[in-house]
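A.B. asks:
Right under this line is the structure:
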């Protein structure tokens with residue numbers, strides 16, 4: 007258990023997260039307007055989304071399917087009957103004056119997520135519920151000195167609100183939860199989980215207590231839009247609450263905002279009228295009733311999810327739990343890895359994993375691009391690994407070949423051919439160079455014969471230098487020992 | 219169930235309806251009359267009876283996920299008191 011030491015003793019932080027994830031669908035939850043990101047303002051708005059009088063909502067079948075698939079991916083109970091309700095409040099970007107959401111009877115009930123923590127341990131976090139709701143429009147406050155601009159393109163887009171149980175105890179656990187949840191959503195193809203585009207947003211419920219004591223009063227920090235900010239907000243808010251309590255104060259149950267610039271949370275200025283949303287079933291929509299056979303069909307058609315894939319990578323490819331965890335964290339990475347390993351006969355999975363997690367990740371980081379845009383695709387990386395495996399090039403030369411492949415987009419064999427990087431395995435040629443290097447350095451040769459094993463490494467270096475790194479290191483080592491003994 | 223003046227004022231505020239002090243008494247009386255009339259329903263024993271959500275036996279209709287609407291900004295903005303650059307313009311609301 008991770009505890010925070012305050013002035014007066016230890017404190018436990020209790021965290022629950024509410025995640026709003028935009029559902030992947032071409033049209034909105036209750037209208038046929040488009041949902042694509044980045045369109046001109048108010049061009050993806052139907053009369054339904056603008057709440058014109060007399061407009062009626064018609065439910066998008068795909069939104070329902072995506073919510074059910076997500077629920078199944080979270081090992082959650084699917085509620086065959088759920089109810090859309092109106093959550094009433096006024097805001098300029100909510101033209102209806104209410105949000106259509108689900109309240110007492112959500113489409114998905116309790117489930118769970120397994121977290122892989124940085125220290126290698128695993129932890130299960132409960133899911134309380136998942137429900138469908140409409141997104142609101144977007145307010146732009148910075149375009150005009152005393153007016154707010156409203157764009158309703160997002161109004162009515164399908165959101166899933168996924169509520170966790172208060173099972174997390176640190177910022178690291180919250181980060182691991184969001185990472186895993188996002189991976190599951192991406193594997194399922196139910197949300198892009200892209201926090202930069204606002205496709206995934208997070209509210210943090212946080213309280214502190216003495217270890218083992220009853221739950222403290224919580225605050226809710228709204229709309230935190232990156233995993234890094236979630237960690238920062240949690241660290242700040244936990245310390246703030248502990249400081250208030252240790253000074254003899256009390257925590258007010260309130261809504262707070264995170265300021266990413268300053269790394270602090272602050273209370274919202276306007277106190278909402280105690281969240282009096284007056285929910286009631288939307289009279290325009292009947293209860294949503296699902297067939298259990300249809301749900302089972304969706305369950306059978308689910309793709310392999312990160313946990314199952316990780317277990318398979320360990321069992322089938324002999325990877326360590328850590329490597330498997332890194333590779334399955336993003337579906338694209340796992341696909342790339344499998345394409346490399348399966349792309350040719352006898353490819354070494356461990357070597358493929360090392361190359362992806364080493365050279366490929368480093369190059370992606372350096373260039374700030376995604377795997378999809380990598381100049382070295384799975385087939386090309388596989389080709390490079392084949393050249394190492396059959397002894398055409400050494401592992402050291404392979405790194406230069408990789409860099410050249412990355413820069414030129416050519417395949418490994420072409421680069422090796424063009425640059426004349428083929429490994430020299432011909433014993434006669436290497437023996438001649440070994441003989442010359444030993445003859446040129448009698449002092450070092452004498453040191454080796456006197457028992458200084460370290461000098462051998464220096465000799466290997468000299469031979470490699472003489473062959474521009476192309477000599478087969480195994481052969482060099484053997485011939486040097488023969489020559490020097 | 220009965221409501222008092224404070225509750226009536228609260229409901230009016232949530233609904234963004236301005237009511238004068240003298241109207242509050244009349245509205246409180248009206249609302250209480252309506253509520254007590256509605257409360258006659260609770261005389262019926264509805265134990266074990268599922269709520270009726272529709273007078274016709276039908277399921278909630280669903281539509282296929284296709285873009286069939288939108289792209290009508292002029293229509294959307296036509297009744298707005300003020301617009302600029304394709305946006306609705308409202309008095310500044312900022313948190």
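Protein chains in written order, with the numbering used here: chain A, 7 to 491; chain B, 219 to 313.
In this text, a Cβ means the ideal position worked out from N, Cα and C, and glycines have one as well.
Since the structure is predicted, the reported quantities are computational estimates derived from the model, not experimental observations.
#1: Sort out for me which residues DSSP pairs residue 167 of chain A with in a bridge.
#2: Taking residue 167 of chain A as the reference, which of A:122, A:155, A:152 and A:139 has the closest Cα?
#3: Quick check on residue 142 of chain A - is its C-beta less than 8 Å from some C-beta in chain B?
#4: Among A:68, A:483, A:476 and A:478, which one has its Cα closest to the Cα of residue 461 of chain A?
#5: For residue 406 of chain A, which of A:348, A:474, A:430 and A:456 has the nearest alpha-carbon?
#6: Taking only the alpha-carbon atoms, compute the straight-line gap between residue 472 of chain A and residue 440 of chain A and give it to the nearest angstrom.
#7: Is the separation between the beta-carbon of residue 131 of chain A and that of residue 178 of chain A shorter than 8 Å?
#8: Using a C-beta to C-beta distance shorter than 8 Å, which residues of chain A count as neighbours of residue 264 of chain B?
#9: In whole angstroms, what is the alpha-carbon distance linking residue 318 of chain B and residue 61 of chain A?
#10: Consider the Cβ of residue 294 of chain A: report whether some Cβ of chain B lies at a distance smaller than 8 Å.
#11: Going by DSSP in three states, residue 143 of chain A sits in which element: helix, strand or coil?
#12: Rounded to whole angstroms, what's the CA-CA distance from residue 446 of chain A to residue 468 of chain A? Just pull it up for me.
#13: Since residue 224 of chain B meets chain A, which of its residues come closer than 8 Å, beta carbon to beta carbon?
#14: In the segment 52 to 84 of chain A, which residues sit with their C-beta less than 8 Å from some C-beta in chain B, listed in chain order?
#15: Can you confirm whether residue 155 of chain A, when its beta carbon is compared against all beta carbons of chain B, has any partner nearer than 8 Å?
#16: Give a yes or no on whether 8 Å exceeds the smallest Cβ distance from residue 96 of chain A to chain B.
#17: On the DSSP letters alone, give me the boundaries of the alpha helix (DSSP H) that residue 470 of chain A sits inside.
#18: Please name the residue, chosen from A:281, A:408, A:265 and A:485, that lies closest to residue 380 of chain A on a Cα-to-Cα basis.
#19: Leaving out five residues on either side along the sequence, give the residues of the same chain with a beta carbon under 7 Å from the beta carbon of residue 47 of chain A.
#20: Among the residues of its own chain, which have a CB less than 8 Å from the CB of residue 352 of chain A, if the five just before and after it don't count?
#21: CB-CB under 7 Å to residue 397 of chain A, same chain, minus the five flanking residues each way: which ones, in chain order?
#22: Quick check on DSSP: helix, strand or coil for residue 315 of chain A?
#23: Is residue 287 of chain A helix, strand or coil by DSSP?
#24: For residue 214 of chain A versus residue 248 of chain A, is the C-beta spacing smaller than 8 Å?
#25: Since residue 104 of chain A is in the beta strand (DSSP E), which residue starts that stretch and which ends it?
#26: Taking residue 291 of chain A as the query, report the chain B residues whose CB atoms sit under 8 Å from its CB, ordered along the chain.
#27: Just to check my reading of the structure: residue 294 of chain A and residue 90 of chain A have Cβ atoms closer than 8 Å, yes? What is that Cβ distance to the nearest angstrom?
#28: Rounding to the nearest angstrom, what Cα-Cα distance links residue 152 of chain A and residue 309 of chain B in this structure?
#29: Say whether chain B places a C-beta atom closer than 8 Å to the C-beta of residue 284 of chain A.
#30: Nearest-angstrom Cα distance between residue 134 of chain A and residue 304 of chain A?
#31: Using the Cα positions of residue 63 of chain A and residue 162 of chain A, report the straight-line distance between them to the nearest angstrom.
#32: Can you tell me whether residue 235 of chain B is helix, strand or coil according to DSSP?
#33: For the segment 225 to 244 of chain B, which residues have a CB atom closer than 8 Å to at least one CB atom of chain A, in sequence order?
#34: Identify whether residue 160 of chain A lies in helix, strand or coil by the three-state DSSP scheme.
#35: Got a sec: is the Cβ-Cβ distance from residue 299 of chain B to anything in chain A below 8 Å?
#36: Which residues share a DSSP beta bridge with residue 175 of chain A?
C.D. replies: Let me lay it out:
#1: Counted from its first residue, the first chain places residue 167 of chain A at position 161. Note: residue 167 of chain A sits in a beta bridge opposite A:26 and A:137.
#2: Stepping through the first chain from its first residue, residue 167 of chain A is reached at position 161. The closest CA to that of residue 167 of chain A, considering only A:122, A:155, A:152 and A:139, is found on A:139.
#3: Here residue 142 of chain A is taken as the residue at index 136 of the first chain, counted from 1. Closer than 8 Å: no.
#4: For the purposes of this step, residue 461 of chain A is identified with residue 455 of the first chain, where counting begins at 1. Proximity to residue 461 of chain A across A:68, A:483, A:476 and A:478 peaks at A:483, based on C-alpha coordinates.
#5: The sequence position of residue 406 of chain A within the first chain is 400, counting from 1. Its Cα nearest to that of residue 406 of chain A, the residue A:474 stands out among A:348, A:474, A:430 and A:456.
#6: Working through the first chain from its first residue, we reach residue 472 of chain A at position 466. Working through the first chain from its first residue, we reach residue 440 of chain A at position 434. If you take the alpha carbons of residue 472 of chain A and residue 440 of chain A, they lie about 9 Å apart.
#7: In the first chain, counting from the first residue as 1, residue 131 of chain A sits at position 125. In the first chain, counting from the first residue as 1, residue 178 of chain A sits at position 172. For residue 131 of chain A and residue 178 of chain A, no; Cβs fall outside 8 Å.
#8: As a working note, residue 264 of chain B is residue 46 in the second chain. The premise fails here: residue 264 of chain B is roughly 16 Å from chain A at the closest Cβ pair, so nothing lies under 8 Å.
#9: Any question about residue 318 of chain B goes unanswered here, given that chain B covers just 219 to 313.
#10: The sequence position of residue 294 of chain A within the first chain is 288, counting from 1. It does; some Cβ of chain B falls within 8 Å.
#11: Here residue 143 of chain A refers to the residue found at position 137 when the first chain is read from its first residue. Of the three classes helix, strand and coil, the one that applies to residue 143 of chain A here is coil, per DSSP.
#12: Here the question's residue 446 of chain A lines up with position 440 in the first chain. Here the question's residue 468 of chain A lines up with position 462 in the first chain. Distance between the alpha carbons of residue 446 of chain A and residue 468 of chain A: 11 Å.
#13: Position 6 of the second chain holds residue 224 of chain B. Contact note: residue 224 of chain B does not reach chain A at a C-beta cutoff of 8 Å; the least C-beta distance is about 13 Å.
#14: Listed in sequence order: 52, 53, 54, 55, 56, 64, 65, 66, 67, 68, 69 and 70.
#15: As a working mapping, residue 155 of chain A is identified with position 149 in the first chain. Residue contact check for residue 155 of chain A against chain B: a CB pair falls below 8 Å.
#16: What you label residue 96 of chain A is simply residue 90 of the first chain in a count that begins at 1. Yes, residue 96 of chain A counts as interfacial toward chain B.
#17: Taking the first chain and counting its residues from 1, one reaches residue 470 of chain A at position 464. Taken as a continuous stretch (DSSP letters only), the alpha helix (DSSP H) holding residue 470 of chain A covers 460 to 472.
#18: Position 374 of the first chain holds residue 380 of chain A. Residue A:408 is the option with its Cα nearest to residue 380 of chain A.
#19: Within the first chain, the letter at position 41 stands for residue 47 of chain A. 157 and 159, listed in sequence order.
#20: As a first step, residue 352 of chain A is located in the first chain; it is residue number 346 there, counting from the start. Leaving aside the five residues that flank residue 352 of chain A on each side, the residues in its chain whose CB is nearer than 8 Å to its CB run, in chain order, 395.
#21: On the first chain, residue 397 of chain A is found 391 positions in, with the first residue counted as 1. Cβ within range, chain order: 429, 431 and 478.
#22: On the first chain, residue 315 of chain A is found 309 positions in, with the first residue counted as 1. The answer is helix: DSSP assigns residue 315 of chain A an H, G or I state.
#23: Reading the first chain from its first residue, position 281 is the one you call residue 287 of chain A. Residue 287 of chain A falls in the strand class under three-state DSSP.
#24: Along the first chain, one-based indexing puts residue 214 of chain A at 208. Along the first chain, one-based indexing puts residue 248 of chain A at 242. Yes. Within cutoff.
#25: What you label residue 104 of chain A is simply residue 98 of the first chain in a count that begins at 1. Note, residue 104 of chain A: beta strand (DSSP E), 104 to 108.
#26: Here residue 291 of chain A refers to the residue found at position 285 of the first chain. Near residue 291 of chain A (Cβ distances below 8 Å), the residues of chain B are 278.
#27: Here residue 294 of chain A corresponds to residue number 288 of the first chain, with the count starting at 1. Here residue 90 of chain A corresponds to residue number 84 of the first chain, with the count starting at 1. Right, their Cβ atoms sit about 7 Å apart.
#28: Taking the first chain and counting its residues from 1, the one referred to as residue 152 of chain A is at position 146. Taking the second chain and counting its residues from 1, the one referred to as residue 309 of chain B is at position 91. Each residue's Cα considered, the two are about 7 Å apart.
#29: For the purposes of this step, residue 284 of chain A is identified with residue 278 of the first chain, where counting begins at 1. Between residue 284 of chain A and chain B, the shortest Cβ-Cβ separation is below 8 Å.
#30: As a working mapping, residue 134 of chain A is identified with position 128 in the first chain. As a working mapping, residue 304 of chain A is identified with position 298 in the first chain. Going from the Cα of residue 134 of chain A to the Cα of residue 304 of chain A covers about 21 Å.
#31: Taking the first residue of the first chain as 1, we reach residue 63 of chain A at position 57. Taking the first residue of the first chain as 1, we reach residue 162 of chain A at position 156. Computed Cα separation, rounded: 10 Å.
#32: Along the second chain, read from residue 1 onward, the residue named residue 235 of chain B stands at position 17. Here residue 235 of chain B sits in coil by DSSP.
#33: Per Cβ criterion, the list reads 228, 231, 232 and 234.
#34: By 1-based counting over the first chain, the position of residue 160 of chain A is 154. When DSSP states are grouped into helix, strand and coil, residue 160 of chain A belongs to the coil group.
#35: Taking the first residue of the second chain as position 1, residue 299 of chain B is located at position 81. No, residue 299 of chain B lies away from the interface with chain A (no Cβ there is under 8 Å from its Cβ).
#36: If you number the first chain from 1, residue 175 of chain A lands on position 169. Residue pairing by DSSP places residue 175 of chain A opposite no residue, since no beta bridge is assigned to it.
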